[in-house]
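Visitor: One structure is given below, represented as structure tokens, and several questions about it will come after.
Protein chains: 2
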Amino acid sequence: MRTISDTIEKFLLDNFSNEELELSRNELADFFGCVPSQINYVLSTRFTLDKGYIVDSQRGGGGYVKIKKINIDDKFKDIIFERIGNNIDYNSACCILDNLCRNGKISEEQKVCITSAIEPKALKTPFLIENDLRAKILKNILYKIYN
Amino acid sequence: MRTISDTIEKFLLDNFSNEELELSRNELADFFGCVPSQINYVLSTRFTLDKGYIVDSQRGGGGYVKIKKINIDDKFKDIIFERIGNNIDYNSACCILDNLCRNGKISEEQKVCITSAIEPKALKTPFLIENDLRAKILKNILYKIYN
DNA sequence: ATATAACAAAAGTCAAAGATAGTCAAATTA
DNA sequence: TAATTTGACTATCTTTGACTTTTGTTATAT
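Protein chains in written order, with this note's numbering: chain X, 534 to 680; chain C, 534 to 680.
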């Protein structure tokens, strides 16, 4: 544990009680004598989806930051990381969804819904980011389903 | 419950007896030691149509605020009719029908029937009113089915 | 009696102030 | 060079209060 970020990470991990941890960004920053955005840095580098965490937050009075640990089986993780990656075309995505559906990981209804969300026409922008967007959306939905 | 708004929301939810709750805005504000408009804030952020509530009120002497929990079907109807609006293209209509069917709101048979009724070739006229016609017909049929 | 005016008793609106959290890039450090 | 630290600026949610609108009641004039 060398950096402030490492210290904060350890502190958070130590205080994980039951798969979920809630905190105040400003208070935590105060506690460690750092600027609030340092907390964001820790969250975005240490508590990422890829490492099995979902971060949820709210601004304004009574605001908070929640960190949730998610549990998914390794096979599923494999699919997420190796097959989806950081960008994926529509047809490949459909194949994955078909597979998940056949294996009972998602329902037919869910498949339809997800498919609609990642259809090319839904992701058309003036920029060349369709496949990147699709990968992010797809991973996010699947994580939510399995959370 | 971290904010006053959250507390008031919980209080209201806890006091929901039979699908409807009537209250005095000023008395409630007094009870929680907040300004009356705070009640409006809670109502407009926590008891929205989206979340299945309808808020009704009256000013003046004997004024009141009523919160009604609407059943899913009512909510569903509202959303559907709002989405159809005064004109709708064939594909959107089909999406809605697919949705209704998937959600068990209409049968497969009804879907086939309605679809035939609003097909482009069925609504061809020399005027540019295809989408307007379709909306009227669609709403009329659904209205019949639901009432 | 009836219409009207004045007042009182609600609820509504809206914008400012307060309280958090997020973003992004420059500066620093390992 | 890459990761970390910092802070100025932004976005969002909540709280508050002054001002407005609506409704019911009571007094007054006809």
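All residues carry an ideal CB built from backbone N, CA and C; glycine is no exception.
When you compare the stretch 587-602 of chain C with the stretch 550-560 of chain C, are there three or more beta-carbon pairs, one atom per stretch, that lie closer than 8 Å?
Guide: The stretch 587-602 of chain C, when compared against the stretch 550-560 of chain C, does touch it at the 8 Å Cβ threshold.
Visitor: Could you check the C-alpha separation between D665/X and F564/X for me, to the nearest Å?
Guide: For this step, residue 665/X is matched to residue 132 along the first sequence. For this step, residue 564/X is matched to residue 31 along the first sequence. Straight-line Cα distance between these residues: approximately 38 Å.
Visitor: From L582/C, K601/C and K584/C, pick the residue whose C-alpha is nearest to that of S590/C; which is it?
Guide: To locate residue 590/C, count along the second sequence from 1; it is residue 57. If we check each option's Cα against that of S590/C, K601/C comes out closest.
Visitor: Pick out whichever of L546/C, D631/C, N620/C and S538/C has its Cα sitting closest to the Cα of K570/C.
Guide: Residue mapping note: residue 570/C aligns to position 37 of the second sequence, counting from 1. It should be pointed out that residue 570/C corresponds to Ser in this sequence rather than to Lys. When each option's Cα is compared against that of S570/C, the closest is S538/C.
Visitor: Consult DSSP for S550/C and reduce its assignment to one of helix, strand or coil.
Guide: Your numbering for residue 550/C matches position 17 in the second sequence. Coil, per DSSP.
Visitor: Please tell me whether C634/C and K644/C are closer than 8 Å, where the distance is taken between their beta carbons.
Guide: Along the second sequence, read from residue 1 onward, the residue named residue 634/C stands at position 101. Along the second sequence, read from residue 1 onward, the residue named residue 644/C stands at position 111. Yes, Cβ-Cβ distance for C634/C and K644/C is below 8 Å.
Visitor: Roughly how many angstroms lie between the CA atoms of E560/X and I603/C, to the nearest whole one?
Guide: Counting from one through the first sequence, the residue named residue 560/X turns up at place 27. Counting from one through the second sequence, the residue named residue 603/C turns up at place 70. Their Cα atoms are separated by approximately 40 Å.
Visitor: Could you tell me whether the Cβ of D611/C comes closer than 8 Å to any Cβ of chain X?
Guide: The count along the second sequence starts at 1 and reaches residue 611/C at position 78. No, no contact with chain X.
Visitor: Judging by CA-CA distance, which residue of L630/C, E542/C and S640/C is the nearest neighbour of R667/C?
Guide: Locating residue 667/C in the second sequence gives position 134, where the first residue counts as 1. Out of L630/C, E542/C and S640/C, L630/C has the C-alpha closest to the C-alpha of R667/C.
Visitor: Just the C-alpha distance for I617/C and K638/C, rounded to the nearest angstrom, thanks.
Guide: In the second sequence, the residue the question calls residue 617/C occupies position 84. In the second sequence, the residue the question calls residue 638/C occupies position 105. The straight-line gap from Cα to Cα measures roughly 16 Å.
Visitor: Kindly identify the DSSP beta-bridge partner or partners of K599/C.
Guide: Looking up residue 599/C in the second sequence gives position 66. Answer is E555/C and D589/C, bridged to K599/C.
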